[in-house]
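First residue of the sequence shown? That's 28 in the numbering used here, and the numbers climb one at a time after it.
Where a beta carbon is used, it is the ideal one built from N, C-alpha and C, also for glycine.
As structure tokens, the structure follows; a few thoughts come after it.
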Amino acid sequence: MPLPLIPVAIGLASLLGYGAKKGYDGIDAMREANEIGEAAEARHREWTGKLDEARGGLQGRLDALGTQKSLVVATTFRSLFDFLEQLNQRARLAALESLGAVGVSREEVRQFAAQYVEAGGALSGAVTAAMTGAGASAMTTGLVTSFATAGTGVAMTGLSGAAANSALLAWLGGGSLAAGGFGMAGGAVVLGGIAVAPAAAVAGFFLAREGEKAKTKAEAYSCEVDEQVAKIEAIIGLLARAEIRVEELSTVLDLLDQRAKAALESLWALSGHFNAEDDAHLARFAIAMQLAKAESELMRVPLFNDGGDLNVQMEALLGQTRRLLHSEAA
Numbered sequence: 028m029p030l031p032l033i034p035v036a037i038g039l040a041s042l043l044g045y046g047a048k049k050g051y052d053g054i055d056a057m058r059e060a061n062e063i064g065e066a067a068e069a070r071h072r073e074w075t076g077k078l079d080e081a082r083g084g085l086q087g088r089l090d091a092l093g094t095q096k097s098l099v100v101a102t103t104f105r106s107l108f109d110f111l112e113q114l115n116q117r118a119r120l121a122a123l124e125s126l127g128a129v130g131v132s133r134e135e136v137r138q139f140a141a142q143y144v145e146a147g148g149a150l151s152g153a154v155t156a157a158m159t160g161a162g163a164s165a166m167t168t169g170l171v172t173s174f175a176t177a178g179t180g181v182a183m184t185g186l187s188g189a190a191a192n193s194a195l196l197a198w199l200g201g202g203s204l205a206a207g208g209f210g211m212a213g214g215a216v217v218l219g220g221i222a223v224a225p226a227a228a229v230a231g232f233f234l235a236r237e238g239e240k241a242k243t244k245a246e247a248y249s250c251e252v253d254e255q256v257a258k259i260e261a262i263i264g265l266l267a268r269a270e271i272r273v274e275e276l277s278t279v280l281d282l283l284d285q286r287a288k289a290a291l292e293s294l295w296a297l298s299g300h301f302n303a304e305d306d307a308h309l310a311r312f313a314i315a316m317q318l319a320k321a322e323s324e325l326m327r328v329p330l331f332n333d334g335g336d337l338n339v340q341m342e343a344l345l346g347q348t349r350r351l352l353h354s355e356a357a
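If you want it as structure tokens, here you go:
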């Protein structure tokens, strides 16, 4: 080989070696991109699975609470309104007028009467008129106004209440929370898609022309997943706190209902000879009404506020109810 060609040959070999190295680096970067992307996707699947478990756990407790509430309305409220039905008009009006002294207003009585009617209970025009302080037409002008709907025809009373419009309860789905609810898919959209994979996908890394570009894209995808996981962790924490709150609510409501049923038994013992001028008789009626009012309030206050966080009003009401139970037991 002529000497002048030796440097050329060496240069060519170096160039080929450099090209091979660059090719290897590109393949290695693609492999890293693939590993980063697959790890991110696995991480996202793991946390969305945990999220579904947390959501399912809370949904189960809410369903059980819905059943418990329905039972309160069908038994305790019915017993109270049946007692009112069998009183004569004079005794009924006198009994209801006595409630102001124990902090129970006609509006509050109307509210749990609305819960009772909404659940399928029936009230005579005379009882409705006595509760609302209006004529018999109050059945349509008074009680029915409690059934204001949220534009979708979903009743606004009870747990579904204002919280039926919140992103979190919409995301939890329909069921006993609100007939014809928004469903999980709609809720996921409202919450910014935390329950679905981020937009980028591992397959997209291979659209990049060079390995380093694919790796950069994979790292960006991994960061996006990390952001989603942080949101999911926060939501799981909220659902866990909500589950504890629902359990607490169920326990307090059960204790309250036991006390209300005992008060109603005592009241029904006066059936046929209830005397609205007897302070002892009125006291029995007032206790039963006060306990029913407390149950009604507990069942109406939404678990979440409109921002999707736990409702502090519920916490305050639980404390107030415990004090009532303590005073009744004393």
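8 Å Cβ cutoff met for residue i and residue j
{"i": "S366", "j": "E112", "result": "With the chain represented from 28 up to 357, any question about residue 366 goes unanswered, as that position is not in the structure."}
{"i": "E330", "j": "V252", "result": "A small correction: the amino acid at residue 330 is Leu; Glu does not occupy that position in the sequence shown. No, these two residues do not count as a Cβ contact at 8 Å."}
{"i": "L266", "j": "R82", "result": "yes"}
{"i": "L291", "j": "L107", "result": "yes"}
{"i": "I263", "j": "L78", "result": "yes"}
{"i": "A122", "j": "L114", "result": "yes"}
{"i": "W295", "j": "F139", "result": "no"}
{"i": "I63", "j": "E246", "result": "yes"}
Cβ-Cβ separation, residue j to residue i (assumed contact under 8 Å), whole Å
{"i": "R286", "j": "L318", "result": "6 Å"}
{"i": "V131", "j": "K320", "result": "5 Å"}
{"i": "E270", "j": "L85", "result": "5 Å"}
{"i": "V279", "j": "L345", "result": "6 Å"}
{"i": "K96", "j": "M326", "result": "5 Å"}
{"i": "V136", "j": "M158", "result": "5 Å"}
{"i": "A303", "j": "A118", "result": "4 Å"}
{"i": "T103", "j": "E322", "result": "7 Å"}
Backbone CA spacing between residue i and residue j [nearest angstrom]
{"i": "L351", "j": "T75", "result": "42 Å"}
{"i": "V99", "j": "D284", "result": "7 Å"}
{"i": "A141", "j": "I259", "result": "38 Å"}
{"i": "K242", "j": "E324", "result": "57 Å"}
{"i": "S293", "j": "R88", "result": "32 Å"}
{"i": "A289", "j": "F312", "result": "12 Å"}
{"i": "K244", "j": "Q340", "result": "46 Å"}
{"i": "K240", "j": "A66", "result": "18 Å"}
{"i": "R133", "j": "Q116", "result": "16 Å"}
{"i": "E342", "j": "A149", "result": "32 Å"}
{"i": "L282", "j": "A153", "result": "32 Å"}
{"i": "A69", "j": "S249", "result": "11 Å"}
{"i": "I314", "j": "A261", "result": "43 Å"}
{"i": "Q347", "j": "V328", "result": "13 Å"}
{"i": "D336", "j": "L297", "result": "46 Å"}
{"i": "L92", "j": "H300", "result": "37 Å"}
{"i": "D306", "j": "A146", "result": "33 Å"}
{"i": "R105", "j": "H353", "result": "25 Å"}
{"i": "H308", "j": "R349", "result": "25 Å"}
{"i": "T94", "j": "S277", "result": "11 Å"}
{"i": "K49", "j": "A56", "result": "In this prediction, K49 scores a pLDDT of 44, lower than 50, which makes its location untrustworthy; no coordinate-derived value is stated."}
{"i": "F332", "j": "E80", "result": "Strictly speaking, residue 332 in this sequence is Asn, with Phe absent from that position. Straight-line Cα distance between these residues: approximately 23 Å."}
{"i": "E59", "j": "N338", "result": "46 Å"}
{"i": "D90", "j": "N61", "result": "43 Å"}
is_contact[residue i, chain D] using C-beta, thresh 8 Å
{"i": "L309", "result": "In the structure shown, chain D cannot be found, because there is only a single protein chain."}
Which ranges does the beta strand (DSSP E) cover as unbroken runs of at least 3 residues, wholly within the segment 110-138, from first to last along the chain?
The segment 110-138 contains no whole beta strand (DSSP E) run of 3 or more residues.
Tell me the start and end of each unbroken alpha helix (DSSP H) in the segment 304-341 that is at least 4 residues and wholly inside, in chain order.
Fully enclosed alpha helix (DSSP H) runs of no fewer than 4 residues occupy 306-327 of the segment 304-341, in order along the chain.
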